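One structure is given here, and the rest of the page talks about it.
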Amino acid sequence: MAGQSVEGGLWFAVLGPVRAWREGQELDLGTPLQRSILGMLLLREGRAVTPAEMIDAVWGEDAPPRALGALRTYVSRLRTVLEPDRPARSRPELLTSIGRGYALRLPDDALDLTRFERGIAEAEAARKSGRLSAAAEGMRAALTLFEGEPLAGAVGPYAEHQRDRLAERRVSVIETLMDLDLELGEHAAVVSELIALTAEHPLRERLRAQLMLAYYRCGRQGDALNVFTETREALIDELGIEPGSELTALHQRILAADPALTHVPPPAAPAEQAAGELEAEEEPPALELPRPAQLPAAVNDFTGRKEVAVRVHTLLSSQSSAEGVPVVALCGIGGVGKTTLAVHVAHAADDLFPDGQLYADLRGHSDEVTAPESALGGFLRALGIPPDVIPDGLAERSALYRSLLSDRRILVLLDNARDADQVSPLLPGSPGCATIVTSRAKLADLPAARLIDLDVMEPDEALSLFSSVAGPERVAAEHGAAMDVVAACGFLPLAVRIVAARLAARPSWTVASLVPRLADEQRRLDELRVGNLAVEATFALGYGQLEPAQARAFRLLSLPKGPDISIGAAAAVLAMNMYEAEELLESLVDMSLLEATAPGRYRFHDLLRLFARRVLDKTERPEDKTLALRRLLGFYLASSRSAHRLAYEGSMIPDNLAVVGSGLTFTTVDEAVAWLISEGDSLFAAINQAATTSTAGEQLLPAADMLVAMEPLLEAGTHTREFDQGTRAVLAAALGLADEASELRSRYVLGRVLFAGNQLSESETHFRRVYELSDTRDEKIVTGEVLNALAVVVGRQRRHTEALTLFDAASRYYRENGVPAGEALVLSYSARDHLGLGHAEDAIAAAEKGLAIFTEIGSGAGTARARYHLGIVLSRVGRLTEAVHHHAECLAFFRSSKQRVWEQRVCSRLAETFIAAGRYPDAVRHAEQALMVSREIGHPYGEALSLTVLGRALRGLGSVARSLDCLRQAYDVFTRLGAPEAGDLKLLLDGFAVERSVVES
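Numbers in the numbering used here are just positions in the sequence shown, counted from 1, shifted up by 399.
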C-alpha cells in the first residue's frame, strides 16, 4: 500500500515505519526525532499539540536544555519537506501553528491508520447486519495496511506507547477476524494461521481458544486438547496463573464432545424491506418534526475563496459513522469574511442536509454573549418542541437537542463563537449532521474540529470583489489604481467591500481619488466606514474582549515598524521575560489579533496595526512609548553585539558600544549571522524609526551603534540596499542633532557600503571624516578599523605607498591598545599593497604573519580572511597549489557562515589561480559560481570581477565569442563604477581585437 496517492498527492503511513509520499515518491523525513514528531502529529488527527507535550513525547525525562529550539527546527524542516513549493513567509497549509502548538491538517484519507479504522468500522457494520463474508473480507483488507511494526523508526515515550497500542489493536482485529472465519466454517483454512499467531502471542487465551475450536471442528480433538495443555503450562511458567474461565470451559466442552461446538452455518441476513415492515408493525408512527431553514441570506456577489469553499464542502460531506460528526471551525481576523463564507457554503450544501439547517449568532465578541442555553432553546423551538416542555438546564436541553437530531441530516451553523465551552453543548451527536463554527478565536480545544484559519484574500480575489461592488467598468478603466486601493485595504474583505460601496455611491469619484485618501495612515481607518459598517468598529469588538495585560501588549507591539517581531524583541518592548511574552502573544494569536508567521515570529495585519496604534496614542503616555522603543533598540543592540563579538574575535568594537539592556547570545558564527539575516528587516526598521523620531543624540546613538555592530550582516551581502538607506538616515539625523558620536558611526558604515559598491572617492571622504572625528573626540570604537579601511580604499586606487603608510598607522594603534586581531588583519590586508609595489617577499611575510596571529588567538573568521589574502599572494608568485589550498579552506568557512560577499571573492580568486595553472574547466566553474553569488546579492563590482575572470577562463577553453561577451560586460560595469580595472580591461580587449584581425588577415 506504500505510496498511495490521495487528493493533494500526499500519503502518510504509521502502520509500519513512519513514512510519507508525494505523488508516489517517498519523502525524506529526516532523523528519528523528526519522524517521531511527525508520527505524533499524524496520530493526533489534526488536533493541536503543544511544544511541552511534544518534548515530553519525544524526549521524556531526558529532554536537553535547548529542546524547544530543536523542536522548532524539526517542525520547520518538516514544513519544508511537506510543502517544498510554499513561498517564503507564507502561512503553512499542512503543518500549521495553532495557539502555542502545532497541528497537521491532513487531506482526507491521507493516513493509513484512518483508512484502517474506517475499513474496520465498515466491516463491523456488515457483521452486525449479518453480512459475515463481507465483514471478513473488509477486515482482511484493512489488515493489509500494516507493514511491519507500527511507528518503526520513531523514538520516545509517546512512540513506544502508541506502538504498543497499535500492535494491540491489530491483534484484537485479527482475533475478531478469526471469529468471523470460524462462524463462516473456514476452520480448516485458519488452522495454519492460528498456529503462527499463537506462536507469536503465546499468552493470548482468545487465540488459543480459537485454535482449539478450529482443531476440534477439523476432527483433531487430540490436537485441540494439547493446545490447552501447552497454554496452561505457559501461563503458569510465565505469569503464575491458571487459564481463564472461558478457555477452561471450552476445554471441558471438547472433552465432553459438546455437539454445540459443531459448526452451524449462520442464517442469511434478513431483507431490508422485511425488517422495515416488522419495525413498522412494532413501532408507533414517528413524530413529524418541522424542517428548519434558519440560514441568513447568502450574498449575491460572493467572490473568491474557491479552494477553501471546496474544502469545507468536502468536510461536511464526510458523514460516515467511522468519522463521526463533521465539525468545521472557520477562524480569523474580524472582517476576513468567515460568516460570508460559512453561509455561502451552507447554502451550497443544502442537498446534503435534507432535514434542514439551524443557525445561531453566538455574539461571542459583543457585550451580550449568547448563552448556550439560550441558543439551544431557539433550536428546540425551531425543531417543533413547545416552549412549555423545553427543560431549563443546559445538560437537559443539550440531551434533548441531540436526541431530536438523531437519525436526521441537519446542518448547524454557529456564527461568531467566543470559545469551545460555548460551542460544545450545541454540537450534534449523531452521524448525518454536521456543524460549521465561525470564530475569531482559534478554538484549538474544540474536540474533533477541523480548524481552517481564514487568511485575507489573494490580490486578484480582492480586486474581483472590489469590481463586483463598485462596478466592473469603473474598475477596469483604472486597474492600477484599483489594485492600489485593495492593497491599502490589506486585502481584507470587509475593508474592500466598504471602500467599494463608498465608490459605488459616489458616481463623481474616480478610483484614483481613493488612493491618497487611503495612503494617509492617520486617516485610513476613518475612510473604511460606510453606513453601519466600519473596520474600526469590527476590530474594537475583539479588542474589548482582552484582559488588561493582553490589551497592553496589543497596543505596545504596534510601536515597532518592522514587518514582524520575534519573541525576544517583543519581550523587550513589553518589559517582561520571553516566556511571559510568548504566553501573551500566543493568546493574541488565538484571538486572531496577531498572526504567527513562523514559530517564534509574529505580525499584525496592516489595518489591525493602524487600529492598535490609534488605541495606543489614546491610551499610553508619550514617555512610555519612548521607553518601549528604547528597550527594543537595547535588545537589538545587545544581540547584534553578541553576533559581532563572535564574527570578529578580538575586535575592540563590542566593548565600545553603548549597550543598555540584555539580548540574545550565540554559540557559533553561523548561528550569529543567521540571526542577523533573519532579523535584518526588523533591525533596519528599528534603526530608521529611531532616525526619524530621535530628538536628542542619546536617543539616536543606539541606532548608530547597531549599524556598526551589524557589520557581519553587511558582509553577508543580503541587505546592502538597507545598509545604504539606514546609514544615510542616521547620518542625516546626526547632522541635524549635531550628534558627532552618531555621525562618526554612521559615516564609518556608509563608507563600508560605498566601498563595497566601488564608490572609492566617496568612501574615502567618509572614512577621512570618521578618522578626524575619532581623533578630535578621542573615540576608539572604530579608530583602527577606519585606518585599515582607508588603507584598503587607497590601495584599491593603486596608491600602494600611501596605503602602506596608513596600514602602519593602523598597526601601531592596534599594538598600543593590545589588539592582536587588529594587527593581524592589517598585516593580511597590507600584503596586496606590498605585492603591488613588487615586494613579493614582504607580501608573503606579512600575509603569513597575519595568519599565524589569527591561528594563535583562535579566530575562525580572522583565519579565513588571512588565508584569503595569503592565497592571493601565493597565486601571484606562482605557488599555485598552496594558493588553492588556502582558498579552499576559507571558502568552506565563508559558505558555512553565510558570508556571501567573501564567498564571491574567494570563488573569483580560485578561478584566477586555476587559469594560471591551465585548469580552465575548474576556472570556469568557480568563476560562474562567483558570478551567480554577486548577482544574487546585488554586488556590481564583484559581478564585474567575476565576468572578467570568467572571460579569461573561457578564452583558455577556446570559447572566444562567449569570452569576449563576458569581458565586454565586465568593461561596461567597471566603466559605470569608475573603477581603475576598466583601463586594464580595455587594454585586454584591444589586444584581443588585434589578435583577431591578425588571424583573419
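Note that CB positions come from ideal geometry on N, CA and C, so glycine has one too.
Every value quoted in this text rests on a predicted model; they were computed, and no experiment measured them.
Limits of the alpha helix (DSSP H) - the one that Y1340 falls within = For Y1340, the enclosing alpha helix (DSSP H) covers residues 1339 to 1356.
Taking Cβ positions, are L983 and M990 nearer each other than 9 Å?
-> No.
Check whether the region 1227 to 1247 touches the region 1193 to 1211, counting contact only when three or more Cβ pairs, one atom from each stretch, lie closer than 8 Å.
-> Result yes; three or more Cβ-Cβ pairs closer than 8 Å.
Taking the alpha helix (DSSP H) that V744 falls in, what are its first and last residues?
-> That run of the alpha helix (DSSP H) goes 737 to 747.
What's the C-alpha gap between P1101 and A969?
-> Inter-residue distance for P1101 and A969 is about 18 Å (C-alpha atoms, whole angstroms).
Buried/exposed call for A674, threshold 16 Cβ in 10 Å | Since pLDDT at A674 reaches only 41, below the 50 mark, its modelled position is unreliable, and the value read off the structure follows with that caveat. Counting C-beta atoms within 10 angstroms of its own C-beta, A674 has fewer than 16 neighbours from the protein chains shown and is therefore classed as exposed.
Considering only the beta carbon of each residue, do L1015 and L955 sit closer than 9 Å?
-> The beta carbons of L1015 and L955 sit closer together than 9 Å.
State the Cα-Cα distance for the pair R485 and L853, rounded to the nearest angstrom.
-> Distance between the alpha carbons of R485 and L853: 17 Å.
So L1031 packs on A1085, CB below 8 Å; how close in whole Å?
-> Beta-carbon to beta-carbon, L1031 and A1085 are separated by about 6 Å, close enough to satisfy the 8 Å threshold.
What's the call for P753, buried or exposed, on a 16-neighbour Cβ count within 10 Å?
-> That one is exposed.
CA-to-CA distance, L945 to G408, given in whole angstroms = If I take the Cα positions, the gap works out to 41 Å.
Alpha-carbon to alpha-carbon, D563 and A551 = Across the structure, A551 and D563 are spaced so that their CA atoms are roughly 11 Å apart.
Are the beta-carbon atoms belonging to R421 and P450 less than 9 Å from one another?
-> No, the pair does not count as a contact, with Cβ atoms beyond the cut-off.
Buried or exposed: where does L793 fall if 16 or more other Cβ atoms within 10 Å of its Cβ makes it buried?
-> Around the beta carbon of L793, fewer than 16 other beta carbons sit within 10 angstroms, so the residue counts as exposed.
Inter-residue spacing [alpha-carbon to alpha-carbon] between L660 and L602 | Spanning the alpha carbons of L660 and L602 requires a straight line of approximately 23 Å.
Span of the alpha helix (DSSP H), counted from its first residue to its last, around F953 = Here the alpha helix (DSSP H) through F953 covers 947 to 955.
Where are the alpha helix (DSSP H) runs, 4 residues long or more, that stay fully inside the region 961 to 1031, in chain order?
-> Listed in chain order, they are 966 to 973, 977 to 989, 1005 to 1018.
Pull up the DSSP beta-bridge partners for F411, would you.
-> When DSSP reads this structure, F411 sits in a beta bridge with A419, L510.
For G500, which beta-bridge partners are listed by DSSP?
-> Paired residue(s): I497.
If L1143 and L1172 are in contact, beta carbons under 8 Å, what's the gap, nearest whole angstrom?
-> The pair is a contact, with the Cβ atoms about 4 Å apart (cut-off 8 Å).
According to the Cβ coordinates, are S838 and V822 closer than 9 Å?
-> Taking C-beta atoms as the reference points, S838 and V822 count as a pair closer than 9 Å.
Which value, in whole angstroms, describes the spacing of the CA atoms of A1209 and M453?
-> The straight-line gap from Cα to Cα measures roughly 54 Å.
So Y758 is in the beta strand (DSSP E); what residue range does that whole segment cover?
-> Residues 756 to 760.
Coarse secondary structure for S1093, derived from DSSP in three states = Here S1093 sits in coil by DSSP.
How about the region 726 to 744 and the region 875 to 884: do they share at least three Cβ pairs that are nearer than 8 Å?
-> The answer is no - the region 875 to 884 does not touch the region 726 to 744, with fewer than three Cβ pairs under 8 Å.
9 Å Cβ cutoff met for T1254 and C1289 | Annotated as distal: T1254 and C1289, with beta-carbon spacing of 9 Å or more.
Please report the residue range of the alpha helix (DSSP H) in which C730 lies.
-> Under the DSSP assignment, C730 falls outside any alpha helix (DSSP H), being part of the beta strand (DSSP E) whose first and last residues are 726 to 730.
Measure how close the beta-carbons of R849 and G445 come, nearest whole angstrom, since I'm counting them as under 8 Å.
-> The pair is a contact, with the Cβ atoms about 6 Å apart (cut-off 8 Å).
Residue range of the unbroken alpha helix (DSSP H) whose run includes R1120 = For R1120, the enclosing alpha helix (DSSP H) begins and ends at 1119 to 1136.
Sheet register partners of E425 (DSSP bridge) | E425 pairs with W420.
Cβ of L1205 versus every heavy atom of the ligand ZN: is any distance shorter than 8 Å?
-> Here there are no bound small molecules, and the ligand ZN is not part of this structure.
For D511, does the count of other Cβ atoms within 10 angstroms reach 16, so buried, or fall short, so exposed?
-> Residue environment: D511 is assigned as buried (16 or more neighbouring CB atoms within 10 Å of its CB, all protein chains considered).
DSSP on I835, reduced to helix/strand/coil?
-> Reduced to three states, the DSSP call for I835 is strand.
Burial state of Q921 (16 or more Cβ within 10 Å) = Exposed.
Can you give the Cα-Cα distance for R1029 and E1184, rounded to whole angstroms?
-> Rounded to whole angstroms, R1029 to E1184 spans 28 Å at the Cα level.
Ignoring anything shorter than 3 residues or poking outside the region 1149 to 1218, list the beta strand (DSSP E) runs there in chain order.
-> Whole beta strand (DSSP E) segments, 3+ residues: zero.
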